[in-house]
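Below is one structure, written out as structure tokens, with a few remarks after it.
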Amino acid sequence: MHESDELVYSRFLATRKSEDMAILLDRHRERLILFIYGYVHNLEDAEDLMIDTFATVAAGRSLFSGRSSFRTWLYSIGHNLALMHLRKNRVSSLPLDTEIADESLSAETEILKKEQYAALYEALKKIPEEYRQVLYLMYFEDMPHDEIARIMGVNKKKIYNLADRGKAALKQVLSKE
Numbered sequence: 022m023h024e025s026d027e028l029v030y031s032r033f034l035a036t037r038k039s040e041d042m043a044i045l046l047d048r049h050r051e052r053l054i055l056f057i058y059g060y061v062h063n064l065e066d067a068e069d070l071m072i073d074t075f076a077t078v079a080a081g082r083s084l085f086s087g088r089s090s091f092r093t094w095l096y097s098i099g100h101n102l103a104l105m106h107l108r109k110n111r112v113s114s115l116p117l118d119t120e121i122a123d124e125s126l127s128a129e130t131e132i133l134k135k136e137q138y139a140a141l142y143e144a145l146k147k148i149p150e151e152y153r154q155v156l157y158l159m160y161f162e163d164m165p166h167d168e169i170a171r172i173m174g175v176n177k178k179k180i181y182n183l184a185d186r187g188k189a190a191l192k193q194v195l196s197k198e
């Protein structure tokens, strides 16, 4: 069993050993890229924002308070950086791109390419972004509603509503196909 993210991060803050940050990076890099990609719709930008997220964490510019899990806090930083990037670049919200560079595919992205997930992934691209993000965090990241609420900066009741509406929208898209 490995050490918790919170323990590894607190040790990093105390010792500033790059090995501790490397552990956290290895654990969260690929999924964080995929999460951010859902906002920016560009793999290079998502990778850059993932690096910026970890730079923020490493620099201690946004201190971890322990009110949530490390992963929730990390995703909140990534979420905020993605939104700032969109505002700065005035990028419109586009559907998820179907093409992802083969050389950067992770195990998580490979799962999405499997036939059993292809229809679901295609259907997710056809529902509103807010629904897509909630469903992604719920089912691909296995996060509870309260963590999703913290990441997205809304109350828990709204997450339940978005999840219900997202599931209904997804069901409607899948039934048409």
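Each position in the sequence shown, counted from 1, maps to that position plus 21 in the working numbering. Ideal Cβ placement from N, Cα and C applies to all residues, glycine included. Nothing here was measured: the structure is a model prediction, and the numbers come from that model.
Coarse secondary structure for residue i, derived from DSSP in three states
{"i": "G81", "result": "coil"}
{"i": "D66", "result": "helix"}
{"i": "G174", "result": "coil"}
{"i": "S86", "result": "coil"}
{"i": "E162", "result": "coil"}
{"i": "K192", "result": "helix"}
{"i": "M71", "result": "helix"}
{"i": "K179", "result": "helix"}
{"i": "K146", "result": "coil"}
Extent of the continuous alpha helix (DSSP H) to which residue i belongs
{"i": "M42", "result": "S39 to V61"}
{"i": "G99", "result": "F91 to N110"}
{"i": "D26", "result": "D26 to T36"}
{"i": "Y152", "result": "E150 to L156"}
Residues near residue i in its chain [Cβ-Cβ closer than 8 Å; skip 5 each side]
{"i": "D41", "result": "V29, Y30, R32 and F33"}
{"i": "V61", "result": "A67, L70, A103, H106, L107 and V112"}
Sequence-distant residues of its chain with Cβ nearer than 7 Å to residue i (five each side left out)
{"i": "I57", "result": "A67, L70, M71, G99 and A103"}
{"i": "R50", "result": "M71"}
{"i": "L46", "result": "F75"}
Three-pair Cβ contact test at 8 Å for the region 175 to 190 versus the region 146 to 160: yes
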